[in-house]
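Our numbering puts the first residue of the sequence shown at 11, with every later residue one more than the last. We put the CB at the ideal spot given by N, CA and C, even for glycine. I have placed the structure first, in the form of structure tokens, so that the comments after it can refer back to it.
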Amino acid sequence: MIDNVDSPPLLVSEVRADRRITHLIFFAATPGAYSLLSGNSQCETPRYDLSHLGDQLRRAGTTQGQVSLPAQTVSYIAAANLPQNFATGAKIDVASWKFRKPIQIAKPGAQQIELDPDILARAAPDFRDLRVVSENAQLPYLIECTSIERTIPFNTETANDPKRPTLSRWQLKLPQAALPLRRVSCASTSALFERTFRFWEELTDERGDQYSRELAQTTWRRVPNQPAGQLAASFAAPPKTDTVLMETDNGDNPPIELHDFRGYYPATRIIFASSKSQSIGLYYGNEEANAPRYDAKLIAAQLLRSERTPAALGAQEILKSERVAETLTGSARYIFWGVLGIVVIALLVLISRLLPKTT
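Okay, here's the thing in structure tokens:
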């Protein structure tokens, strides 16, 4: 990227790059064809007894050989490139998990799955409740937090307050609550503006009272002849609900026009190994679960170097319904328990009247 500042755009007609040439020198006893093997991430670095011959090899005359295009070996097996002693984890009882997604693997070996919005919204924020299970046994996995960002569009509506005409307010609706959004962006057709924007969400406490939770505050500005780039704001913390509110004070200026609202969340992957084609499921949604402790972390570097095959996630399956009391929040919870108490008292009174009176 070239910043032209106030100058006309720089014309670039050609781009070149230099690379350092690496030579491989070996002794060929007879003329003929030789094989150069590569692509084994698990093999150790070779240690040849050639250190004492370093000066002689550097002075020796060499003949330039020709290397053909790389070709995969016929006997290559992806599963054989896995770290050694990569064992299956302990048995597990999945009765306490609420959700499951089947995993379809294309071939045995190291597998890679990117967590989708369903999992990100319903799993614990630190992913301690994720379990990869096959035949009632856990498959050890690693979590890879990448720098890649995925976008998700907002369903946007204006939410202006007639009593405050200088304010512009938008309601940004997400497909589901508790998505781990890092930032939000939008575009504007306005050519000249400077506005301070506030992002927040409305939450309800245990007593049923509403309060605002601040997510971000930023100032956006634009002057004429400035490229109309994206306007972005980073969240201090991910939203807990599915609705983000945004507003700005236009002062004595016309309302600013914004469109193309998008949210961004980090791409998170889990990496595990499967030595055979088998029925595998990803379980999540257990608030009481502790983070798993696998010995696989000792060979994490080897597994991360392995050739991975992207695996596919199936449709979400609901394994355990939430109890009514768990789904209620705020005043609704107190109303539920109050009504339940009245019903119990009424039943006790009715039973007492039906019992025969003692003389």
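DSSP three-state assignment for residue i, whether helix, strand or coil
i    : result
P185 : coil
R68  : helix
D415 : Since the displayed the chain opens at 11 and closes at 369, residue 415 lies outside it and no answer follows.
L20  : coil
S244 : strand
H33  : coil
I328 : strand
K108 : coil
F346 : helix
D128 : helix
D270 : strand
K101 : strand
G351 : helix
I162 : strand
I309 : helix
S157 : strand
L292 : strand
A197 : strand
Cβ separation of residue i and residue j, assumed to be a contact under 8 Å, to the nearest whole Å
i    : j    : result
T166 : F271 : 5 Å
R223 : P276 : Not quite, the Cβ-Cβ distance comes to about 21 Å (not below 8 Å), so this is no contact.
G273 : I129 : Not quite, the Cβ-Cβ distance comes to about 17 Å (not below 8 Å), so this is no contact.
I280 : L189 : At roughly 18 Å, the Cβ-Cβ gap does not stay under 8 Å, so I280 and L189 are not in contact.
E257 : S178 : 6 Å
T253 : G119 : About 42 Å separates the two Cβ atoms, so there is no contact after all.
I266 : S200 : 5 Å
K111 : Q326 : 6 Å
R231 : F203 : 7 Å
A321 : I115 : 5 Å
Per DSSP, cross-strand counterpart(s) of residue i
i    : result
I281 : Q122, L152
R231 : E204
T253 : K183
W210 : E224, L255
G49  : None, per the DSSP bridge assignment.
R318 : A120
E167 : Q181
Q114 : A322
Assigned exposure category for residue i - 16 Cβ within 10 Å defines buried
i    : result
N14  : exposed
Y151 : buried
Y294 : buried
S284 : buried
P302 : buried
M11  : exposed
Q186 : exposed
E54  : exposed
L292 : buried
V142 : buried
I87  : exposed
K307 : exposed
I309 : buried
I67  : For the sequence presented, residue 67 should be read as Leu rather than Ile. Its Cβ having fewer than 16 others within 10 Å, L67 is exposed.
P234 : exposed
R363 : exposed
V194 : buried
T206 : exposed
P56  : exposed
T278 : buried
I113 : buried
A43  : exposed
Length of the line joining the Cα atoms of residue i and residue j
i    : j    : result
L268 : A197 : 6 Å
T214 : L225 : 16 Å
R315 : D171 : 55 Å
K183 : L323 : 25 Å
A311 : S45  : 28 Å
D219 : T251 : 16 Å
T72  : I35  : 8 Å
Q82  : L20  : 44 Å
T98  : K117 : 18 Å
V334 : A247 : The predicted position of V334 is uncertain, since its pLDDT is 46 and thus under 50; no value can be drawn from it.
S61  : N296 : 57 Å
I361 : I352 : 14 Å
A70  : A38  : 13 Å
P18  : D259 : 35 Å
R29  : G64  : 24 Å
D59  : Q148 : 44 Å
T337 : R160 : With a pLDDT of only 48 at T337, under 50, the local geometry of the prediction cannot be trusted, and no value is derived from it.
N263 : A242 : 22 Å
Q52  : L313 : 9 Å
E145 : I328 : 19 Å
G261 : F245 : 25 Å
D103 : V349 : 36 Å
P237 : V22  : 19 Å
Q122 : E317 : 10 Å
V77  : T40  : 17 Å
E24  : I31  : 22 Å
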